[in-house]
Every structure is written in C-alpha cells, then in structure tokens.
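Trainee: Residue numbers (the working numbering): 7 to 236.
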C-alpha cells in the first residue's frame with residue numbers, strides 16, 4: 007500500500023512532463039522532395055498561329071517525354087522532346103478576294119512537327135511540396151523542325167508556292183502545378199506559350215510585297231503528364 011502511494015505521484019509527474027513535449031509537435035503542410043530526377047510522359051492540345059497567308063500547321067495535339075534534374079534549391083533543368091502530328095492548308099497564289107490576302111485553298115497536307123526544348127524550371131515552394139502540391143514557372147529555348155515534307159495537296163500547286171516549315175529556333179515560357187500522389191509519382195498540368203518562325207513561299211511574296219518573307223507565330227499548349235521521380 008505504501009509502495010502504491012509512492013508510485014502514483016511519480017506517474018503523475020511523468021505524465022505532466024510528457025504533456026508539454028506532445029503539445030510542441032506541429033504538423034507541417036510542407037514535405038521535402040528527396041528524389042533529384044524524374045521522367046514524364048505528357049500529351050494535350052496545341053493551339054497554333056498559321057501566319058499571314060494561313061499556310062502554317064493548324065492546331066492539334068502534341069505528345070512527348072521529359073527528363074528533369076534538380077540543380078539547386080528551387081531550380082530544375084528540363085529537357086523536353088515532343089511530336090505534334092498536325093495538318094496544314096495548301097493554298098495557291100490566286101486570291102479568293104481582291105482586297106484581302108486570303109488565297110484559294112487547294113487541299114490539305116500532313117505537317118508533323120518535332121519540338122526539342124531545354125529549359126529552366128523554378129519551383130515556387132522550393133524543393134518541397136505544400137499539401138502535396140508544387141507550383142512552378144519555367145523558361146526554355148530550343149528548336150522546331152518539320153518532319154513530313156511535301157505530300158497531299160502540295161501536288162496541286164507549283165513548287166514555288168509550296169509551304170516548307172523547315173527548322174526554326176523556338177522559345178517558350180509557362181507555368182504549372184504538380185500533385186504528388188506518392189513520394190515518387192506525380193500528376194502534372196502545365197501551360198506553355200511557344201514562339202517559332204514560319205516562312206512564306208517566294209511566289210506569295212513576289213505577288214504581294216506587303217507579305218512578310220517570314221514571321222514569328224505565337225503558339226500555346228496545355229498538357230497533362232505522369233511523372234516518375236527517382
């Protein structure tokens with residue numbers, strides 16, 4: 007009985023001593039990201055500008071893969087390779103209206119685009135997530151090249167009228183949000199504005215001196231992706 011009376015005060019003191027320690031525990035909404043690299047598959051709609059004569063590739067879809075590596079703090083290096091299986095309208099130099107630069111359509115042709123970009127990504131929350139979310143901004147440079155050559159409706163117009171996408175320097179800016187489903191698996195949605203150049207065939211410029219020989223077009227994509235971090 008005496009021993010029980012001695013043990014009770016001691017137990018009470020231990021409980022009181024442990025209470026402040028428990029009260030000091032704070033659950034943080036932030037979680038550090040341990041993996042430094044990731045690979046991602048993505049796809050989504052691509053909206054394009056076709057140029058003054060409307061010869062460039064029309065809007066469609068873009069698909070691809072991306073690799074990323076965390077450099078330091080909030081900065082990541084990204085390398086992206088995408089492919090867009092698009093179409094374009096084939097037009098002749100005969101104007102459909104004499105007072106505009108709209109030209110007669112002779113059909114359509116396939117226009118594949120291969121997009122290669124290297125970029126720098128800035129994670130707004132740094133190398134951590136907030137409630138599993140990580141917003142980011144990005145900037146990239148690279149190139150776009152046409153992969154289809156002459157096909158389809160191109161046969162209906164002379165050689166000097168045919169559009170050729172060729173290869174163009176490209177630059178892009180954008181931003182997005184990644185949701186970490188687990189520590190290594192993320193779902194991503196981002197929007198990017200991409201600038202590239204299209205060239206006007208020589209026959210159009212000779213017919214109308216007001217047309218640009220080449221022009222920069224503003225294009226935009228909104229893609230979703232599945233990322234694996236390691």
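All C-beta atoms in this analysis are idealised placements derived from N, C-alpha and C, irrespective of residue type, glycine included.
1. Grab me the residues of residue 80's own chain with a C-beta within less than 6 Å of its C-beta, minus the 5 sequence neighbours each way, in chain order.
2. Measure the Cβ-Cβ separation of residue 89 and residue 70 and say whether it is below 8 Å.
3. Tell me whether the region 162-174 and the region 203-213 touch, counting them as touching only if at least three CB pairs, one residue from each stretch, are closer than 8 Å.
4. For a test of the three-state rule: what should DSSP assign to residue 224, helix, strand or coil?
5. May I have the straight-line CA-CA distance separating residue 177 from residue 228, to the nearest angstrom?
6. Taking residue 187 as the reference, give the member of 110, 234, 75, 98 with the closest Cα.
7. Going by DSSP, what residue range makes up the beta strand (DSSP E) through residue 81?
8. Residue ranges of each beta strand (DSSP E) run of no fewer than 3 residues wholly in the region 168-225, ordered along the chain?
9. Could you check which residue in 125, 108, 93 has the C-alpha nearest to that of residue 99?
10. Are the Cβ atoms of residue 115 and residue 149 separated by less than 8 Å?
11. Can you check which of these residues, 113, 65, 126, 103, is closest to residue 77 by C-alpha distance?
12. Counting along the chain, where does the beta strand (DSSP E) carrying residue 141 start and finish?
13. Considering only C-alpha positions, which residue in the set 72, 214, 190, 157 is nearest to residue 38?
14. Would you identify the three-state DSSP class for residue 162, choosing helix, strand or coil?
15. Which of the three DSSP states, helix, strand or coil, is assigned to residue 51?
16. Anyone know if the C-beta pair for residue 158 and residue 113 falls short of 8 Å?
17. Which one of 162, 101, 161, 153 has the shortest CA to CA distance from residue 172?
18. DSSP three-state label for residue 117, please.
19. Got a sec? Which residues, its chain only, sit under 7 Å from residue 160 by beta carbon, not counting five neighbours each side?
20. Give me, in chain order, the residues of the same chain whose beta-carbon lies closer than 6 Å to that of residue 162; leave out the 5 immediate sequence neighbours on both sides.
21. Mapping the DSSP letters down to three states, classify residue 69 as helix, strand or coil.
22. Check the C-beta distance from residue 223 over to residue 54 and give it rounded, since I have them as a contact under 8 Å.
23. Helix, strand or coil, according to DSSP, for residue 231 in the structure here?
Mentor: According to the structure shown:
1. Here residue 80 refers to the residue found at position 74 of the chain shown. Correct list, in chain order: 128, 129, 132.
2. Position 83 of the chain shown, counting from 1, holds the residue named residue 89. Position 64 of the chain shown, counting from 1, holds the residue named residue 70. Yes.
3. Put simply, the region 162-174 touches the region 203-213. At least three CB pairs are less than 8 Å apart.
4. Indexing the chain shown from 1 puts residue 224 at position 218. Annotated three-state conformation of residue 224 is strand, per DSSP.
5. The residue labelled residue 177 in the question sits at position 171 within the chain shown. The residue labelled residue 228 in the question sits at position 222 within the chain shown. In this model, residue 177 and residue 228 are separated by some 16 Å (Cα to Cα).
6. Locating residue 187 in the chain shown gives position 181, counting from the first residue. Out of 110, 234, 75, 98, 234 has the C-alpha closest to the C-alpha of residue 187.
7. Within the chain shown, the letter at position 75 stands for residue 81. It spans 81-101 - the beta strand (DSSP E) in which residue 81 sits, taken as one unbroken run.
8. 173-186, 191-205
9. If you number the chain shown from 1, residue 99 lands on position 93. Comparing Cα positions, the closest option is 108.
10. If you number the chain shown from 1, residue 115 lands on position 109. If you number the chain shown from 1, residue 149 lands on position 143. No, Cβ-Cβ distance for residue 115 and residue 149 is not below 8 Å.
11. In the chain shown, the residue the question calls residue 77 occupies position 71. Nearest option by C-alpha distance: 126.
12. On the chain shown, position 135 is the one that residue 141 refers to. For residue 141, the enclosing beta strand (DSSP E) begins and ends at 139-152.
13. Taking the first residue of the chain shown as position 1, residue 38 is located at position 32. If we check each option's Cα against that of residue 38, 190 comes out closest.
14. Here residue 162 is taken as the residue at index 156 of the chain shown, counted from 1. Residue 162: helix per DSSP, three-state reduction.
15. Translated into the one-based positions of the chain shown, residue 51 becomes position 45. Looking at residue 51 - three-state DSSP - the assignment turns out to be strand.
16. By 1-based counting over the chain shown, the position of residue 158 is 152. By 1-based counting over the chain shown, the position of residue 113 is 107. Result yes, Cβ atoms of residue 158 and residue 113 sit closer than 8 Å.
17. Sequence index remark: in the chain shown, residue 172 carries index 166 (1-based). For the residues 162, 101, 161, 153, the minimum Cα distance to residue 172 belongs to 153.
18. For the purposes of this step, residue 117 is taken as the residue at position 111 of the chain shown. Residue state, collapsed to three classes: strand.
19. Within the chain shown, numbered from 1, the residue matching residue 160 stands at position 154. Around residue 160: 96, 115, 168.
20. Counted from its first residue, the chain shown places residue 162 at position 156. Here residue 162 has 112, 113 as same chain residues with Cβ atoms under 6 Å from its own Cβ, once five neighbours each way along the sequence are excluded.
21. Here residue 69 corresponds to residue number 63 of the chain shown, with the count starting at 1. Of the three classes helix, strand and coil, the one that applies to residue 69 here is strand, per DSSP.
22. For the purposes of this step, residue 223 is taken as residue 217 along the chain shown, with counting starting at 1. For the purposes of this step, residue 54 is taken as residue 48 along the chain shown, with counting starting at 1. Correct: roughly 7 Å between the Cβ atoms.
23. In the chain shown, the residue the question calls residue 231 occupies position 225. Correct three-state label for residue 231: strand.
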